[in-house]
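The opening position of the sequence shown corresponds to residue 233 in my numbering, with each subsequent residue numbered one higher. We put the CB at the ideal spot given by N, CA and C, even for glycine. The structure displayed is predicted, hence computed values, not measured ones. Okay, structure first, notes after.
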Amino acid sequence: MSFSASTFNRLDFATSPINRALSSENKIELLTTMIRIRRFEQAALKYYNAGRIGGFLHLYIGQESVATGTISLCGANDHNITAYRCHGHALASGMNMNECMAELFGKATGSAKGKGGSMHLFAPDKNFWGGHGIVAGQTPLGLGLAYGLKYKGLPGAALCYMGDGAVNQGAYHESLNLASLLELPVVYIIENNGYSMGTSQKRSSAYRGCLAQRAEAYDMEWDLIDGSDIYEVRAKTHIAMERARAECRPTVLEISTYRYYGHSVADANAKKYRSPEEIENYKNNHDPINTFRTRLLQEGVLTQEKADQIEQSAKEEAAASVVFADQSPAPSVESIMDDVYWEVDNKTIAGQTGRHFFND
Ligand SMILES: Cc1ncc(C[n+]2csc(CCOP(=O)(O)OP(=O)(O)O)c2C)c(N)n1
Ligand SMILES: [Mg+2]
233 MSFSASTFNR
243 LDFATSPINR
253 ALSSENKIEL
263 LTTMIRIRRF
273 EQAALKYYNA
283 GRIGGFLHLY
293 IGQESVATGT
303 ISLCGANDHN
313 ITAYRCHGHA
323 LASGMNMNEC
333 MAELFGKATG
343 SAKGKGGSMH
353 LFAPDKNFWG
363 GHGIVAGQTP
373 LGLGLAYGLK
383 YKGLPGAALC
393 YMGDGAVNQG
403 AYHESLNLAS
413 LLELPVVYII
423 ENNGYSMGTS
433 QKRSSAYRGC
443 LAQRAEAYDM
453 EWDLIDGSDI
463 YEVRAKTHIA
473 MERARAECRP
483 TVLEISTYRY
493 YGHSVADANA
503 KKYRSPEEIE
513 NYKNNHDPIN
523 TFRTRLLQEG
533 VLTQEKADQI
543 EQSAKEEAAA
553 SVVFADQSPA
563 PSVESIMDDV
573 YWEVDNKTIA
583 GQTGRHFFND
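Structure, rendered in structure tokens:
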């Protein structure tokens with residue numbers, strides 16, 4: 233089927249300036265990133281279930297358009313930080329599968345030398361500041377990234393992601409207050425997948441309209457985004473990032489999305505607090521990868537053969553990362569105390585004496 237504007241009966245975000253600027257290669261790259269994230273996590277799930285990965289494993293399957301679409305807008309001065317459901321943000325930020333899978337396996341070749349695990353992927357050289365386990369703990373840190381940009385006079389934006397369960401934490405509200413008061417270039421992105429662990433959003437939050445609308449109380453701009461359409465994710469996030477870069481003003485975005493799996497793989501009730509029909513409906517009608525693949529086929533940008541090839545190579549890349557992780561050494565016993573405090577590793581006086589703030 234050939235593409236025409238009348239094919240789509242809703243506002244077509246493909247025609248927004250930031251999406252019109254995409255070449256066919258750029259579009260295929262967006263699809264490839266989403267598929268790589270999904271294949272990486274499917275491999276991780278398999279080896280978690282086989283007992284090869286310890287701790288938690290929070291899967292991002294179903295939410296791929298959020299990290300992929302938003303981080304695709306980032307330039308040299310833009311930064312991002314998120315919670316524990318961080319594999320998608322890590323790969324979208326340019327981390328490779330080997331260092332991520334090795335981290336999940338707890339190996340010395342992992343991005344945090346095997347000491348962080350699934351919740352703590354981290355790549356400051358790629359402007360990706362983690363991977364944080366405390367719900368909303370990253371929201372003041374995201375504010376700090378934005379403060380740093382303003383302090384240095386750099387025209388950038390700090391993207392700070394959180395779940396719908398994080399919006400009732402005090403730290404988030406303190407952050408919104410300061411973001412607006414100090415006029416900081418931060419974009420708070422609520423990835424609303426409908427649940428905080430086993431509690432639905434409607435049972436956990438009081439709000440008028442939507443969660444993002446609370447921004448009005450802090451005199452901040454906000455917007456709602458349909459996460460199943462990566463074009464919409466990019467179009468609306470771009471506006472917020474430009475507001476941050478050019479006007480140093482913060483924004484709250486709420487992106488509706490969904491996770492197919494439980495809160496973590498260890499969520500025994502994953503199929504009890506929501507119906508199988510709900511999961512099936514999302515898979516069949518709102519899956520961001522299926523939606524975008526179909527769209528690119530319609531636009532004539534993608535062929536079925538190329539789509540199959542992208543799937544195959546992502547699968548092979550993920551399988552190779554498992555081999556890499558499996559064959560990598562565990563961290564040495566001698567290194568167990570390293571990487572806890574910078575001062576201790578660098579043998580500063582504070583590190584040697586344990587005195588950080590007082591001289592006596
Ligand atoms: C301060 C704090 N309280 C409780 C927890 C336990 N906890 C971990 S994840 C989570 C639910 C968060 O849900 P949401 O913000 O919607 O993110 P999602 O898991 O859906 O991505 C809770 C309560 C925690 N990690 N930190
Ligand atoms: Mg949630």
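In chain order, each alpha helix (DSSP H) run of at least 4 residues that lies wholly inside the stretch 422 to 473:
433 to 436
Give the DSSP-derived three-state secondary structure of Leu262 in the structure shown.
Counting from 1 along the sequence shown, the entry for residue 262 is found at position 30. Note: Leu262 maps to helix in three-state DSSP.
What are the complete alpha helix (DSSP H) segments, minimum 4 residues, inside the stretch 530 to 589?
536 to 559, 574 to 577 and 581 to 585
Contact shell at 6 Å, judged by CB to any heavy atom of ligand 2, ordered along the chain
Gly395, Asp396, Gly397, Asn425, Tyr427 and Ser428
Residue range of the unbroken alpha helix (DSSP H) whose run includes Gly402
As a working mapping, residue 402 is identified with position 170 in the sequence shown. Where Gly402 is concerned, the enclosing alpha helix (DSSP H) stretches over Gly402 to Leu413.
Let me confirm a value: Gly385 is counted as buried when at least 16 other C-beta atoms fall within 10 Å, else exposed. Which label applies?
Translated into the one-based positions of the sequence shown, residue 385 becomes position 153. Exposed, by the Cβ-count rule.
Helix, strand or coil for Ser507? Go by DSSP, reduced to three states.
What you label residue 507 is simply residue 275 of the sequence shown in a count that begins at 1. DSSP places Ser507 in coil when its eight states are reduced to three.
Tell me the DSSP secondary structure of Ile487 in three-state form.
Taking the sequence shown and counting its residues from 1, one reaches residue 487 at position 255. Reduced to three states, the DSSP call for Ile487 is strand.
Euclidean distance between Cα positions of Glu510 and Gly586
Counting from 1 along the sequence shown, the entry for residue 510 is found at position 278. Counting from 1 along the sequence shown, the entry for residue 586 is found at position 354. Straight-line Cα distance between these residues: approximately 54 Å.
Ligand 1 and His495: does the residue's C-beta get closer than 7 Å to at least one heavy atom of that ligand?
Within the sequence shown, the letter at position 263 stands for residue 495. Answer for His495: yes, Cβ within range of ligand 1.
Through-space distance from Ile285 to Ala237, alpha-carbon basis:
Residue 237 sits at position 5 when you count from the first residue of the sequence shown. Residue 285 sits at position 53 when you count from the first residue of the sequence shown. Confidence is the limiting factor: at Ala237 the pLDDT is only 37, short of 50, which leaves the residue's position unreliable and the question unanswerable from this model.
Candidates Glu423, Thr580, Tyr316 and Lys468: which alpha carbon is nearest Ile250's?
Within the sequence shown, numbered from 1, the residue matching residue 250 stands at position 18. It is Lys468.
Please go through the same chain and pick out, in chain order, the residues whose beta-carbon is closer than 7 Å to the beta-carbon of Lys347, but skip the five residues on each side of it.
Taking the sequence shown and counting its residues from 1, the one referred to as residue 347 is at position 115. If we look at Lys347 and ignore the five residues flanking it on each side, its Cβ neighbours are Pro563 and Asp571.
What number of angstroms, rounded off, separates the C-alpha of Gly376 from the C-alpha of Glu486?
Stepping through the sequence shown from its first residue, residue 376 is reached at position 144. Stepping through the sequence shown from its first residue, residue 486 is reached at position 254. So the two alpha carbons sit approximately 21 Å from each other.
Mark Trp361 as exposed unless 16 or more other C-beta atoms lie within 10 angstroms of its C-beta, in which case mark it buried.
Your numbering for residue 361 matches position 129 in the sequence shown. By the 10 Å Cβ count, Trp361 comes out buried.
Tell me whether the beta-carbon of Tyr492 lies closer than 8 Å to the beta-carbon of Ile293.
As a working note, residue 492 is residue 260 in the sequence shown. As a working note, residue 293 is residue 61 in the sequence shown. Against a cut-off of 8 Å, the Cβ pair of Ile293 and Tyr492 comes out as a contact.
Assumed close pair Pro417, Ala390 - CB separation to whole angstroms, cut-off 8 Å:
Along the sequence shown, one-based indexing puts residue 417 at 185. Along the sequence shown, one-based indexing puts residue 390 at 158. Indeed they touch by this definition, with Cβ atoms about 6 Å apart.
Own chain partners of Gly374 with C-beta closer than 6 Å, once the 5 adjacent residues on each side are dropped
Residue 374 sits at position 142 when you count from the first residue of the sequence shown. If we look at Gly374 and ignore the five residues flanking it on each side, its Cβ neighbours are Ile313, Ala390, Cys392 and Val418.
Leaving out five residues before and five after Tyr573 in sequence, what residues of the same chain have Cβ atoms less than 8 Å from its Cβ?
Position 341 of the sequence shown, counted from the first residue, corresponds to residue 573. Taken in chain order, the residues that qualify are Gly583.
Take Asn330 and list the residues in its own chain whose beta-carbon comes closer than 8 Å to its own, dropping the five residues that flank it on each side.
The sequence position of residue 330 within the sequence shown is 98, counting from 1. Correct list, in chain order: Thr341, Ala552, Ser553, Phe556 and Ala557.
For ligand 1, I want to know if Val367 counts as a neighbour, meaning its beta carbon is within less than 7 Å of at least one of the ligand's heavy atoms.
What you label residue 367 is simply residue 135 of the sequence shown in a count that begins at 1. Within the cutoff, so yes.
Where are the beta strand (DSSP E) runs, 3 residues long or more, that stay fully inside the stretch 272 to 352, in chain order?
311 to 313
Collapsed DSSP secondary structure at Val367 in the structure displayed
Taking the sequence shown and counting its residues from 1, the one referred to as residue 367 is at position 135. Coil.
Would DSSP call Phe524 helix, strand or coil?
In the sequence shown, residue 524 corresponds to position 292, counting from 1. Helix at Phe524.
Beta carbon of Ala315, beta carbon of Met394: below 8 Å?
For the purposes of this step, residue 315 is taken as the residue at position 83 of the sequence shown. For the purposes of this step, residue 394 is taken as the residue at position 162 of the sequence shown. Against a cut-off of 8 Å, the Cβ pair of Met394 and Ala315 comes out as a contact.
Measuring only from the beta carbon, is Ala355 closer than 7 Å to any heavy atom that is part of ligand 1?
Here the question's residue 355 lines up with position 123 in the sequence shown. No, Cβ of Ala355 sits at least 7 Å from all heavy atoms of ligand 1.
Near ligand 1: Arg446 beta-carbon under 7 Å from a heavy atom
In the sequence shown, counting from the first residue as 1, residue 446 sits at position 214. Every heavy atom of ligand 1 is 7 Å or more from the Cβ of Arg446, so no.
Between the beta-carbon of Ser407 and the beta-carbon of Pro372, is there less than 8 Å?
Within the sequence shown, the letter at position 175 stands for residue 407. Within the sequence shown, the letter at position 140 stands for residue 372. Yes; because the gap between Cβ atoms is below 8 Å, this pair is in contact.
What is the DSSP secondary structure of Phe354, counted as helix, strand or coil?
Translated into the one-based positions of the sequence shown, residue 354 becomes position 122. Correct three-state label for Phe354: coil.
I need the straight-line Cα distance from Trp454 to Thr247, nearest angstrom please.
Working through the sequence shown from its first residue, we reach residue 454 at position 222. Working through the sequence shown from its first residue, we reach residue 247 at position 15. The alpha-carbon atoms of Trp454 and Thr247 are separated by roughly 21 Å.
When DSSP labels each residue in this structure, what does Tyr393 get in the three-state scheme?
Residue 393 sits at position 161 when you count from the first residue of the sequence shown. Note: Tyr393 maps to strand in three-state DSSP.
Is the CB-CB distance between Ser297 and Pro520 below 8 Å?
The residue you call residue 297 lines up with position 65 of the sequence shown. The residue you call residue 520 lines up with position 288 of the sequence shown. Closer than 8 Å, so yes.
Counting along the chain, where does the alpha helix (DSSP H) carrying Asn251 start and finish?
For the purposes of this step, residue 251 is taken as residue 19 along the sequence shown, with counting starting at 1. Residues Pro249 to Arg252.
Arg317: beta carbon under 7 Å from a heavy atom of ligand 3?
This structure lacks ligand 3; the ligands present are ligand 1 and ligand 2.
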